[in-house]
Each structure stands twice: as C-alpha cells, then as structure tokens.
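Q: Chains as they are written, first to last, in this note's numbering: chain G, -3 to 239; chain A, 29 to 181. From the three backbone atoms N, C-alpha and C, an ideal C-beta is built for every residue, glycine too. Just so it is clear, the structure is predicted and the values come from calculations on it, not from any experiment.
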Amino acid sequence: MGGLSHYLEEQGLATTQISLIREHTERIKPPRALWVPFEFGRPLGLPNDSAFQKRVLRAALSPLEAPSGPILKDFPEDVPGPVDLTGWACPVNLSEATAEIRGETDPTSGLIKEISFLRPWYDMAIEKRGRTTVGVSGMDIQQGAQFLATFLHDESTPSPRADLTVGEALKLASEDLKAFYLEAATAQPGKSSSGELADWFWGETLAGKLLLALKAACLKSSDPSIKMLGTLLLVPRNQEHRA
Amino acid sequence: MARLSDLNEASRVRLLNLECPAFETRPWVSGPPLHKRRVAIISTAGLHRRNDKPFTWGSKDYRIIPGDVSSNELVMSHVSVNFDRTGFQQDLNVIFPLDRLRELAGERFIGSVADFHYSFMGATAPQDMEPAARTLAALLKKDHADAILLVPV
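What follows is the structure, given as structure tokens:
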C-alpha cells in the first residue's frame, strides 16, 4: 500500500492511506497514513456503522491538508469489543441436517444436503442486504462444491472453466463455498465475531472439512501450483491445527 | 486486533520479516483544501465486477470500479485466506467506503467523488505493481482526481 502511495505521489497525485500494519508503514514512510487497530479485512472498522466508518474516513483524509510530511497518525478508537459471545451459536441449526447427513454414505451427497439446509438462510441474507459476494468462480454453489469434492478424489479432474487453470478454479470455488456458508450464518441479527464464524465454518461444517481434506490432498500433489494452493491458499493459518 | 502483538507467533514473524520497498526520495504533493478535493479510492482487496477477470497469484494489474457500480456487482478474488471476509459480506463500505465518501461530499467535507475507482490484489509485491500504478496515475488525472485514498485489506 505504501509503495503504491509513493509511485502515485511521484506522478503528481496527493495520496493518503489507511494502514493496518504500523510496522510496515513506519518502514516505507508513505506521505500520509492513518494506522487503525482493526482486524485484517476490516480497514473501516465496523460493518453497518456509517458513523464509525465516517470518523475513520475523516481521520484518514485530514492529513491531506498538512503542509509537510511524512505523517503517520494513529486512529484513537478501537472497535467496541470484545463481543460477548457466551452461548453464541450459529443461527443455522445444522443438527437436523447432521442427523440426515450421517445416513449418507457418499460424502458429496452429505455436502449437497448441508448446502440445501443453508439455502433459505442464504436467500434471507440476500434479501436483507440486497447483494451477495458469492459468484466469483462463475459456478453455482452446488456445481462448485461438486467440483471441489470430485477433485479431492481425482486430481486429473479438469477445470470447469476454459479461462482458468484447475488450481485457480479450485481457489475461486473454495471462496464461493465459504462465502455462501458465512453469508447464511450471518443472516439473522445478533453479534458474532469473525473468529466465532470461522470456528463454526472450519470446525462444524462438512464444507470446512472438505477444504481441510483438499488442503491435505493438494500438499501431496506433484504439480507445484496445486501444492502451493494447499500450502497457502485454502486454509487460514489460524485454522490449520484442524488439518 | 491488527496489532502484530495480537497475532500468533507464526503470523507475527512472517509479517515482520516481509520485505518492504525502500525509497530514497520522499515525494510530497500539495493541493487545495479538502472541501475542494476530488477523491478516488484505490483498494488492494482484489475487488472487481462479476464479469471481470479474477485476480490470481501474482496479479500485477488493476480492475476498474465505476463510481455508479451496484454493490451486488462487486466480488473479491484476493488470494489470501488470512483476513476476515465476513465484514465485507455484510457491508461493502467496511473495505470500500464509496457510500461514506459520497456522504462526506454531501456534507462538503470533501469536494466530490471521482467517477472511477480501482482495485489491485494486495498479495503482490508493491514493486511489481509500479508500472500499473504509473499508468493509473494518468487515468486518475483525466478524472480530475486530486486526492487518492488508498485502502488495504
């Protein structure tokens, strides 16, 4: 981020940036930066809190009026928290699904059944937000899940998209699968931290188990791009203990 | 939360050891007061429209985000799995604050919002984005943007 700022400023454009890693910004010394203490993935701090987001924006833009720099300011507020998660449970009750899924001998059928249990909640999320972030793979969610499950057992499975390598298609299908589950899980009102949601996905769902198994399978591949997928691009570092 | 001391040891060490570009010069561009500035956003979240080419490992280019884009048109193909996406799933503005910028323009805190915004995929080394960034500078000037807000993820 600081590098982009430097290149643009060299071209005659004034820049200011939000910084999520203070140590990097201290080293790069971009012209203007506001360090925020928020978690990665939330540079404006809080979703659905326009007043908070505007306070961050005003603080990030204000250094544009300073006469000289470099400037590295700290945003004085943290997000409210930690949220009391006592008794938090995913609003999507998969226990009924789990009972049915246990009867499935084919793991892919179990996954498809789990997806169908989540579907009403996912639809509610779209209705509530007017948008979805699912769809980056270009496959519908069942097609994507089937592709991931098939590849797990047969590495020669081709990419379903001519414009993507099989590794790229696996990566995008995995992101769609996670987004579908997490959008469904956050459909009901109620506070839940990103950590709780991640623990639910990776610890309690068949989709999470599929991606953990896929990581293990990719690590055994002789194809360097598939091996890299397994090493870096499927499972977050803080969930790798489940693999 | 994003204090390195809050991360686990492996993540903290990896981030601390990440190579950062070193610059010998310190360019500094001045401009009019904020309430007369035209602001464009550059995100490194790997955002793009649904029909755009997804970002992949090592992508050095950018995607264009028109200012009148519908929030449902934007998806993310950042390669990293080590940041939260649930905030983005609930509210685009938590990573791409276009609505908030419009509100600040309405309040005359800034002058106006540019017609076009841009996204890179931040897992690529900054040095590799330099040619695209220099091309982008010319486009931003054509849009009369004179304040660039860079937002990481």
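#1: How about residue 2 of chain G and residue 60 of chain A: do their beta carbons lie closer than 8 Å?
#2: In the structure shown, what three-state DSSP assignment does residue 142 of chain G receive?
#3: So residue 149 of chain A is in the beta strand (DSSP E); what residue range does that whole segment cover?
#4: Under 8 Å Cβ to Cβ from residue 131 of chain G, same chain only, skipping five residues before and after it: list those, please.
#5: Give the interface partners of residue 56 of chain G over in chain A, defined as CB-CB distance under 7 Å, in chain order.
#6: How would you call residue 37 of chain A, buried or exposed, if buried means at least 16 neighbouring beta carbons within 10 angstroms?
#7: Can residue 92 of chain A and residue 178 of chain A be called in contact, C-beta distance under 8 Å?
#8: Looking only at its own chain, which residues have a Cβ that is under 6 Å from the Cβ of residue 25 of chain G, when we skip the five neighbours before and after it?
#9: Hey, which unbroken runs of the alpha helix (DSSP H) at 4 residues or more fall wholly within the segment 120 to 204 of chain G?
#10: Under a three-way DSSP split, which group does residue 227 of chain G fall into?
#11: Give the secondary structure of residue 38 of chain A by DSSP, where H, G and I count as helix, E and B as strand, and everything else as coil.
#12: Can you give me the Cβ contacts of residue 239 of chain G inside the same chain, cut-off strictly under 8 Å, excluding the 5 residues immediately before and after it?
#13: Determine, using beta-carbon pairs with one atom in the segment 29 to 44 of chain G and one in the segment 6 to 19 of chain G, whether at least three such pairs fall under 8 Å.
#14: Cutting at 6 Å between CB atoms, please list the residues of its own chain near residue 149 of chain A, excluding the five before and the five after it.
#15: Could you say which of A:72, A:163, A:142, A:116 lies nearest to residue 179 of chain G if we only look at CA atoms?
#16: Could you tell me whether the Cβ atoms of residue 175 of chain A and residue 60 of chain G are closer together than 8 Å?
#17: Quick one: grab the DSSP three-state call for residue 156 of chain A.
#18: Do the CB positions of residue 182 of chain G and residue 118 of chain A come within less than 8 Å of each other?
#19: Tell me where the alpha helix (DSSP H) around residue 133 of chain A begins and ends.
#20: Assign residue 128 of chain A to buried or exposed, taking buried as 16 or more other Cβ atoms, counted over all protein chains shown, within 10 Å of its Cβ.
#21: Out of G:141, G:75, G:48, G:20, state which residue places its alpha-carbon closest to the alpha-carbon of residue 35 of chain G.
#22: Assuming the contact rule is C-beta atoms closer than 8 Å, residue 126 of chain A and residue 145 of chain A should be a hit. Round their C-beta distance to whole Å, please.
#23: What are the boundary residues of the alpha helix (DSSP H) that residue 56 of chain G is part of?
#24: What distance in whole Å lies between the Cβ atoms of residue 126 of chain G and residue 110 of chain A, which are believed to be in contact at a cut-off of 8 Å?
A: Taking the structure as given:
#1: no
#2: helix
#3: Neither: residue 149 of chain A is in no beta strand (DSSP E) and is coded neither H nor E.
#4: 172
#5: 177
#6: exposed
#7: Not a contact, by the Cβ cut-off of 8 Å.
#8: 66
#9: 137 to 149, 162 to 181, 190 to 200
#10: Residue 227 of chain G: helix per DSSP, three-state reduction.
#11: helix
#12: 208, 211, 212, 231
#13: yes
#14: 74, 83, 87, 106
#15: Selected option, being the one with the closest Cα: A:116.
#16: yes
#17: helix
#18: yes
#19: The continuous alpha helix (DSSP H) containing residue 133 of chain A extends over residues 126 to 134.
#20: buried
#21: G:75
#22: 7 Å
#23: Its alpha helix (DSSP H) spans residues 46 to 57.
#24: Actually they do not touch by this definition, with Cβ atoms about 29 Å apart.
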